[in-house]
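One structure is given below, encoded as structure tokens.
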Amino acid sequence: MSTKHLKGKLFSITGAASGIGRATALRLAERGASLALADVSEPSLNAFKDELQAKHTSSRFHAATVDIGNSSAVTKWIEDTKAQFGPLHGAANIAGILIPETGGFANINDEDWDKVIRTNLTGLMYCIRAQLKAMADHGSIVNASSISGLVGAPGIVAYAASKAGVVSITRSAAHDAAARGIRVNAIAPGGVDTPMMVTQREQYVAATTQGEKTWTVATPLERFASPDEIAALIEFLLGDDSKYITGETIRIDGGALA
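Mind the numbering: the sequence shown is residues 1 to 258 in full-length UniProt numbering, read in order.
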């Protein structure tokens with residue numbers, strides 16, 4: 001896979017301070033890209049930006065503490081990025097939250113539901129909307145869905161619903177942006193070794209009688225993905241080697257839904 005075409009390009013990444021977002025930033029920085037990084041964790045984000053800047057002196061990095069569920073914060077981040085660095089060439093929308101639900105569907109908490117949907121679905125819309133306004137023609141956007149958005153997911157209903165919505169938003173945005181040559185795709189990871197997965201694992205183990213034993217065996221490869229393995233797919237979708245792929249949701253789940 002050629003990566004030379006990423007050098008000198010500008011990409012925005014949400015959820016950049018940890019997990020898949022961080023792994024994506026590391027990969028793109030290694031290719032010579034400049035990055036606009038966003039996360040809710042200011043200390044972790046700023047430390048990561050300094051780490052990248054020290055290692056990749058020829059690239060430029062902008063970091064902003066952003067709650068993607070806040071429309072004005074998202075807009076300001078993207079507008080500031082364009083003002084400082086010029087138009088975007090791509091975006092990886094990775095930020096998301098998962099709040100485990102207890103007591104079954106009948107006891108889903110309104111506040112938790114609203115928070116998850118606001119962040120994972122409405123927040124994604126805010127990001128894509130702002131990114132399209134700031135993006136050069138023939139760019140690429142990659143959104144993070146989940147296999148939980150493709151199947152039923154008891155115990156994380158709001159999360160699953162939000163990730164199903166990501167699939168639909170991605171398809172709609174792909175149609176809308178196609179006239180400008182901008183591609184919009186989604187990834188649907190299975191188990192990934194990230195901080196969020198720790199939360200999901202604890203919920204699963206508590207809700208099943210066999211718990212830990214079935215947690216990884218449910219995946220044919222019998223392991224989780226590393227964040228970098230997911231980032232490799234994101235890198236591919238952001239680059240020119242995928243220039244005829246748009247509107248797709250690509251599973252990367254170790255065969256979990258095979």
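By construction, the Cβ of each residue, glycine as well, lies at the ideal position given by its N, Cα and C atoms.
Alpha carbons only, please: which of the options is nearest the one belonging to residue i?
i, options, result
"Ala16", "Lys9, Leu45 and Leu28", "Leu45"
"Thr119", "Arg129, Leu257 and Ile97", "Ile97"
"Ile13", "Arg183, Leu124 and Glu51", "Leu124"
"Ser18", "Phe48, Leu28, Arg31 and Gly32", "Phe48"
"Ala218", "Asp241, Asp253, Asn70 and Ala161", "Asp253"
"Val142", "Val167, Thr81, Ala161 and Pro154", "Val167"
"Asp241", "Ser145, His138, Asp176 and Gly155", "His138"
"Phe236", "Arg171, Pro195 and Asn185", "Asn185"
"Phe85", "Ala232, Thr102 and Ala63", "Ala63"
"Val116", "Ala164, Tyr159, Ala130 and Ala83", "Tyr159"
"Ala29", "Ala161, Glu101 and His5", "His5"
"Ser162", "Arg129, Trp113, Ala179 and Met197", "Trp113"
"Glu222", "Gly255, Ile99 and Lys76", "Gly255"
Measure the CB-CB distance between residue i and residue j and report whether it falls below 9 Å.
i, j, result
"Ala92", "Phe224", "no"
"residue 317", "Ala188", "The question about residue 317 has no answer, for the chain in this structure spans 1 to 258."
"Pro220", "Val192", "no"
"residue 260", "Ser41", "Any question about residue 260 goes unanswered here, given that the chain covers just 1 to 258."
"Lys7", "Arg27", "no"
"Thr194", "Gly247", "no"
"Ala144", "Ala177", "no"
"Ile78", "Ala134", "yes"
"Asn152", "Thr102", "With the sequence shown as reference, residue 152 is identified as Gly, and Asn is not the correct amino acid for it. No, the Cβ-Cβ distance between Gly152 and Thr102 is not below 9 Å."
"Leu233", "Ile250", "yes"
Please classify residue i as buried or exposed, where buried requires at least 16 other C-beta atoms within 10 Å of its C-beta.
i, result
"His56", "buried"
"His89", "buried"
"Ser148", "buried"
"Leu257", "exposed"
"Ser72", "exposed"
"Gly183", "Here residue 183 is Arg; the residue named in the question, Gly, does not match the sequence. Label assigned to Arg183: buried."
"Phe105", "exposed"
"Thr81", "buried"
"Ser34", "buried"
"Glu111", "exposed"
"Gly190", "buried"
"Ser140", "buried"
"Lys9", "buried"
"Tyr126", "buried"
Based on the DSSP output, what are the partners of residue i in its beta bridges?
i, result
"His62", "Ala36"
"Pro189", "Ile252"
"Ile141", "Ala91 and Val184"
"Thr14", "Ala38 and Asn93"
"Ala225", "Val192"
"Met135", "Leu88"
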